[in-house]
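Engineer: One line per chain: the protein sequences are A and B, in this order.
Residues in the first sequence are numbered consecutively from 3, following the numbering used here.
Residues in the second sequence are numbered consecutively from 2, following the numbering used here.
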Amino acid sequence: DAGVTQSPTHLIKTRGQQVTLRCSPKSGHDTVSWYQQALGQGPQFIFQYYEEEERQRGNFPDRFSGHQFPNYSSELNVNALLLGDSALYLCASSLFGRAYEQYFGPGTRLTVT
Amino acid sequence: AQKVTQAQTEISVVEKEDVTLDCVYETRDTTYYLFWYKQPPSGELVFLIRRNSFDEQNEISGRYSWNFQKSTSSFNFTITASQVVDSAVYFCALSEALTGSEKLVFGKGTKLTVNP
Chain A
3 DAGVTQSPTH
13 LIKTRGQQVT
23 LRCSPKSGHD
33 TVSWYQQALG
43 QGPQFIFQYY
53 EEEERQRGNF
63 PDRFSGHQFP
73 NYSSELNVNA
83 LLLGDSALYL
93 CASSLFGRAY
103 EQYFGPGTRL
113 TVT
Chain B
2 AQKVTQAQTE
12 ISVVEKEDVT
22 LDCVYETRDT
32 TYYLFWYKQP
42 PSGELVFLIR
52 RNSFDEQNEI
62 SGRYSWNFQK
72 STSSFNFTIT
82 ASQVVDSAVY
92 FCALSEALTG
102 SEKLVFGKGT
112 KLTVNP
């Protein structure tokens with residue numbers, strides 16, 4: 003039973019560029035949540051996708067957007083990258099309404115130079 | 002509003018010492034879940050425990066134990082006879098069940114270093 007997978011593992015981008023991160027949920031899960039973890043901080047909720055729609059959003063600017071595909075996988079897009087976007091981006095999957103059973107992926111470490 | 006406070010930024014102990022990691026939470030919900038996660042240097046979040054707000058029984062799992070006290074809004078985590086492999090950042094998190102919020106709110110974490 004495959005757990006949550008994320009790609010790529012590491013990524014280096016330049017300020018102003020755009021980036022796309024990918025997440026495949028655990029088998030049987032229909033909901034994907036994204037978190038940003040800056041260095042020395044706890045993960046912060048970015049948004050959640052269910053039924054291909056953004057259901058809930060944290061306090062992040064519109065530069066952060068996402069998408070969910072019919073197979074429940076998800077993408078996180080960040081436009082106009084800033085140095086402050088450097089972080090570990092974590093994806094978590096669950097069944098909708100069961101956030102208390104979220105499974106986390108290994109994360110994508112994004113470095114913006 | 003949801004909030005999780007881990008007042009201890011870093012803790013350093015010598016192997017075999019007991020260590021307690023503190024967690025204080027705030028929520029207006031009457032039904033909620035509390036979590037502890039471990040994050041080793043590799044970065045992956047490792048789930049340790051989940052408790053719901055109706056279950057205040059303390060729990061022990063091997064060298065790990067958790068003390069949940071609603072009266073003080075605390076959910077503390079104790080490692081008995083610590084080992085070098087316990088070195089990691091530990092996060093406490095909260096999820097509200099009745100507000101429709103699907104997010105986990107994390108504390109800032111406590112970095113535990115266990116020295117040989």
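Even for Gly, the Cβ is constructed at its ideal location relative to N, Cα and C.
Please list, in chain order, the chain B residues whose beta carbon lies closer than 8 Å to that of Pro108 of chain A.
Structural biologist: Your numbering for residue 108 of chain A matches position 106 in the first sequence. The contacting residues are Ser43, Gly44 and Glu45.
Engineer: Checking contacts by CB at 8 Å: is Lys39 of chain B closer than that to chain A?
Structural biologist: Residue numbering aside, residue 39 of chain B sits at position 38 when the second sequence is read from its first letter. Closer than 8 Å: no.
Engineer: Along the chain, where does the beta strand (DSSP E) that runs through Ala4 of chain A open and close?
Structural biologist: Residue numbering aside, residue 4 of chain A sits at position 2 when the first sequence is read from its first letter. Run containing Ala4 of chain A: none; DSSP gives neither H nor E here.
Engineer: Please confirm whether Lys39 of chain B and Val106 of chain B have their CB atoms less than 8 Å apart.
Structural biologist: In the second sequence, the residue the question calls residue 39 of chain B occupies position 38. In the second sequence, the residue the question calls residue 106 of chain B occupies position 105. Taking 8 Å as the Cβ cut-off, Lys39 of chain B and Val106 of chain B do not qualify as a contacting pair.
Engineer: Let me know the beta strand (DSSP E) ranges lying completely inside the segment 18-99 of chain A, each 3 residues or longer, listed in chain order.
Structural biologist: Qualifying beta strand (DSSP E) stretches, in chain order: 21-26, 33-39, 46-52, 55-59, 66-70, 76-80 and 89-96.
Engineer: Closest Cβ-Cβ distance between Gln8 of chain A and chain B: below 8 Å?
Structural biologist: Position 6 of the first sequence, counting from 1, holds the residue named residue 8 of chain A. Chain B, which has no Cβ nearer than 8 Å to the Cβ of Gln8 of chain A, makes this no.
Engineer: List the residues of chain A that Arg51 of chain B touches, going by C-beta distances under 9 Å, in chain order.
Structural biologist: Residue 51 of chain B sits at position 50 when you count from the first residue of the second sequence. Simply Tyr102 and Glu103.
Engineer: To the nearest angstrom, report how far apart Pro72 of chain A and Glu54 of chain A are at their CA atoms.
Structural biologist: By one-based count along the first sequence, residue 72 of chain A stands at place 70. By one-based count along the first sequence, residue 54 of chain A stands at place 52. Distance between the alpha carbons of Pro72 of chain A and Glu54 of chain A: 7 Å.
Engineer: Kindly indicate if chain B contains any beta-carbon less than 8 Å away from that of Phe66 of chain A.
Structural biologist: Here residue 66 of chain A refers to the residue found at position 64 when the first sequence is read from its first residue. By this cut-off, Phe66 of chain A is not an interface position.
Engineer: Looking at the structure shown, is Glu27 of chain B part of a helix, part of a strand, or coil, going by DSSP?
Structural biologist: Here residue 27 of chain B corresponds to residue number 26 of the second sequence, with the count starting at 1. Three-state DSSP puts Glu27 of chain B in a strand.
Engineer: Does Ala98 of chain B come within less than 8 Å of chain A when only Cβ atoms are used?
Structural biologist: Translated into positions along the second sequence, residue 98 of chain B becomes position 97. For Ala98 of chain B, the answer is yes, since a Cβ of chain A falls inside 8 Å of its Cβ.
Engineer: Rounded to a whole number of angstroms, what is the C-alpha to C-alpha distance between Tyr74 of chain A and Lys17 of chain B?
Structural biologist: Mapped onto the first sequence, residue 74 of chain A falls at position 72. Mapped onto the second sequence, residue 17 of chain B falls at position 16. Rounded to the nearest angstrom, the two C-alpha atoms are 45 Å apart.
Engineer: For Leu105 of chain B, go through chain A and note every residue whose CB falls closer than 9 Å to its CB, in chain order.
Structural biologist: The sequence position of residue 105 of chain B within the second sequence is 104, counting from 1. Correct list: Ser35, Tyr37, Pro45, Phe47, Ala94, Ala101, Tyr102 and Gln104.
Engineer: Taking the alpha-carbon positions, what's the Asp56 of chain B to Phe92 of chain B distance?
Structural biologist: Locating residue 56 of chain B in the second sequence gives position 55, counting from the first residue. Locating residue 92 of chain B in the second sequence gives position 91, counting from the first residue. Those two C-alpha atoms are separated by around 20 Å.
Engineer: Nearest-angstrom Cα distance between Thr21 of chain B and Trp36 of chain A?
Structural biologist: Here the question's residue 21 of chain B lines up with position 20 in the second sequence. Here the question's residue 36 of chain A lines up with position 34 in the first sequence. Cα-Cα distance, rounded: 30 Å.
Engineer: Quick check on Asp87 of chain B: buried or exposed, where buried means 16 or more other Cβ atoms within 10 Å of its Cβ?
Structural biologist: As a working mapping, residue 87 of chain B is identified with position 86 in the second sequence. Classification for Asp87 of chain B: buried.
Engineer: Determine the chain A residues that contact Phe69 of chain B at a beta-carbon separation under 9 Å, and present them in chain order.
Structural biologist: The residue labelled residue 69 of chain B in the question sits at position 68 within the second sequence. Ordered by position in chain A, no residue passes the 9 Å Cβ test against Phe69 of chain B, which lies about 15 Å from the chain.
Engineer: Quick one: any contact between the segment 77-89 of chain A and the segment 3-12 of chain A, if contact means 3 or more CB pairs under 8 Å?
Structural biologist: Flag = no, the segment 77-89 of chain A and the segment 3-12 of chain A do not touch.
Engineer: Helix, strand or coil for Glu11 of chain B? Go by DSSP, reduced to three states.
Structural biologist: What you label residue 11 of chain B is simply residue 10 of the second sequence in a count that begins at 1. It is a strand residue.
Engineer: Got a sec: which bits of the segment 7-31 of chain A sit with their beta carbon under 8 Å from any beta carbon on chain B, in order along the chain?
Structural biologist: So the list is empty, because no residue satisfies the distance condition.
Engineer: Tell me the DSSP bridge mates of Ser62 of chain B?
Structural biologist: The count along the second sequence starts at 1 and reaches residue 62 of chain B at position 61. Answer is B:Tyr65, bridged to Ser62 of chain B.
Engineer: Roughly how many angstroms lie between the CA atoms of Phe98 of chain A and Thr33 of chain A, to the nearest whole one?
Structural biologist: Along the first sequence, read from residue 1 onward, the residue named residue 98 of chain A stands at position 96. Along the first sequence, read from residue 1 onward, the residue named residue 33 of chain A stands at position 31. Distance between the alpha carbons of Phe98 of chain A and Thr33 of chain A is about 6 Å.
Engineer: Give the interface partners of Ser102 of chain B over in chain A, defined as CB-CB distance under 8 Å, in chain order.
Structural biologist: Taking the first residue of the second sequence as 1, we reach residue 102 of chain B at position 101. Chain A residues near Ser102 of chain B: Gln58 and Ala101.
Engineer: Can Val85 of chain B and Thr111 of chain B be called in contact, C-beta distance under 8 Å?
Structural biologist: For the purposes of this step, residue 85 of chain B is taken as residue 84 along the second sequence, with counting starting at 1. For the purposes of this step, residue 111 of chain B is taken as residue 110 along the second sequence, with counting starting at 1. Not in contact: Val85 of chain B and Thr111 of chain B (Cβ atoms no closer than 8 Å).
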